[in-house]
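Asks: For reference, the structure I am asking about is given below.
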Amino acid sequence: MRNTSSLVVDRLCDQPGDVAVTVACLYYDFLVQNEQSIADMMGAILKQLIGRGGIPADVREAYQKGKTKLGGRGLLHADLMRMLKIAIGSLPQVFICIDALDECLPRNLLELLQSLRDIALGSPTTRIFLTGRPHVLGAIQRYFTKVVVIPISPNTDDVRNYLHMKLDRDEEPEAMDNDLRADIMKVILDKMSDMCVRASSLPCQSMVNTYGKLCVDSSLLR
Amino acid sequence: MALTTLTQSIKFGDNNINSGNTIGSYNKTVYKSDEDAQIMRWLSPLEPNIRHQGVRTGRFEGIGDWLLETSEFREWREGKGGADKAVLFCSGNQGVGKTYLRYVVGSFEISECS
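Chains as they are written, first to last, in my numbering: chain Z, 1 to 222; chain V, 1 to 114.
In structure tokens form, the structure reads like this:
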């Protein structure tokens, strides 16, 4: 899924158009989920939004006030949301992309979604892209009842592109010819539907363990 | 001068000119001032731009492009539907991307080579 998120982020960044687009992305990670508090995540969105235009006066003022109190006070969620809304309001088009919502701590997930809804209601042009396992859809729908859902699974084009890449990078190109290449593509794509069924029933680690170098010996096709 | 934390960079990498991502060719960020760097760290210690760069570097070219051509994605990107349809959710289990593709090819190799 991270592949998908990064692809979308790059496409949004690179899209042509008259309207200046600002993209902020977040990647949730199960391994460091305790370090990904709501405040830190929303702060990370904010600093991506203001990164290009210089630090806004309200943010600078809040920092200067905060650093003189109690030896330096951190930000509260409400402070961040206020600054975020101001920053978003100053930009013509904002995209917020968040990967792997299912790897967010459950106790933080609803607060994150509530915050995103507040942003969306305050700025109807803001677009929010989310990825995650299917089970987080229910939580998303509590805050965004009309969320558009696209199920992600590799299709024939993905497999074909992957095979092209593997064959192009094969370490023994002299063993390859156009006929063999075509045969490999055909056999694997023909078997793909069967693989889909088998893959869906295997745990992730099993799939990783089955990975190996692509054989180019023509005998494998017989 | 802070060297590694996120914020305004003098050079943006890989045409990501519209992004808040600020990774330059040297993977280093230059601040206008020390205070700017401190403010950015105060806002958040996280640096998702660096994480993004790591993910996109490992991406397979052409994989998942179909998503970008779907009507759902295009309509969402163009802002049709306003706040009601602000959110696009891509739903999938872990391992439906690169892991799956490796599995497809890997299983084929094992079964055919044995």
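The C-beta atom is built at its ideal place from N, Cα and C for all residues, glycine as well. The model shown is predicted, which means the values in this text are computed figures rather than measured ones.
Between Lys-80 of chain V and chain C, is any beta-carbon pair separated by less than 8 Å?
Replies: Annotation note: the requested chain C is absent from the structure, which comprises protein chains Z and V.
Asks: Using the rule of at least 16 other Cβ atoms within 10 Å of the residue's Cβ for burial, across every protein chain shown, is Val-8 of chain Z buried or exposed?
Replies: Buried: at least 16 other Cβ atoms inside 10 Å.
Asks: Assess contact between the segment 99-115 of chain Z and the segment 23-43 of chain Z, defined as three or more Cβ pairs (one per stretch) separated by less than 8 Å. Is contact present?
Replies: Touching, yes.
Asks: Measure how close the beta-carbons of Leu-189 of chain Z and Arg-160 of chain Z come, nearest whole angstrom, since I'm counting them as under 8 Å.
Replies: The Cβ separation is near 7 Å, so the contact holds.
Asks: Ignore the nearest five residues each way along the sequence and tell me which others in Leu-113 of chain Z's own chain have a CB closer than 8 Å to its CB.
Replies: The residues are Ala-139, Ile-140, Arg-142, Tyr-143, Phe-144.
Asks: For the segment 137-152 of chain Z, which residues have a CB atom closer than 7 Å to at least one CB atom of chain V, in sequence order?
Replies: Residues Leu-137, Ile-140, Phe-144, Lys-146, Val-147, Val-148, Val-149, Ile-150, Pro-151, Ile-152.
Asks: Roughly how many angstroms separate the alpha carbons of Val-187 of chain Z and His-164 of chain Z, rounded to a whole number?
Replies: Whole-angstrom Cα-Cα distance: 14 Å.
Asks: By DSSP, does Lys-28 of chain V sit in helix, in strand, or in coil?
Replies: Note that Lys-28 of chain V has pLDDT 39, beneath the 50 cutoff, so the model's placement of it is unreliable and the number below is only indicative. Lys-28 of chain V falls in the coil class under three-state DSSP.
Asks: From Leu-88 of chain V to Ala-24 of chain Z, what distance separates their C-alpha atoms?
Replies: The straight-line gap from Cα to Cα measures roughly 15 Å.
Asks: Which residues in the same chain as Met-1 of chain Z place their Cβ atom closer than 6 Å to its Cβ, once the five residues preceding and following it in sequence are excluded?
Replies: Here the set comprises Thr-131.
Asks: Does Val-159 of chain Z come out as helix, strand or coil in the three-state DSSP assignment?
Replies: Looking at Val-159 of chain Z - three-state DSSP - the assignment turns out to be helix.
Asks: Quick one: what's Tyr-27 of chain Z bridged to in DSSP?
Replies: According to DSSP, Tyr-27 of chain Z bridges with Z:Asp-99.
Asks: Please work out which residues of its chain come closer than 7 Å, Cβ to Cβ, to Thr-125 of chain Z, disregarding the five sequence neighbours upstream and downstream, and give them in chain order.
Replies: Excluding positions up to five away in sequence, the list reads Gln-93.
Asks: Under 8 Å between C-beta atoms, does Arg-82 of chain Z make it to chain V?
Replies: So no, Arg-82 of chain Z is outside the interface.
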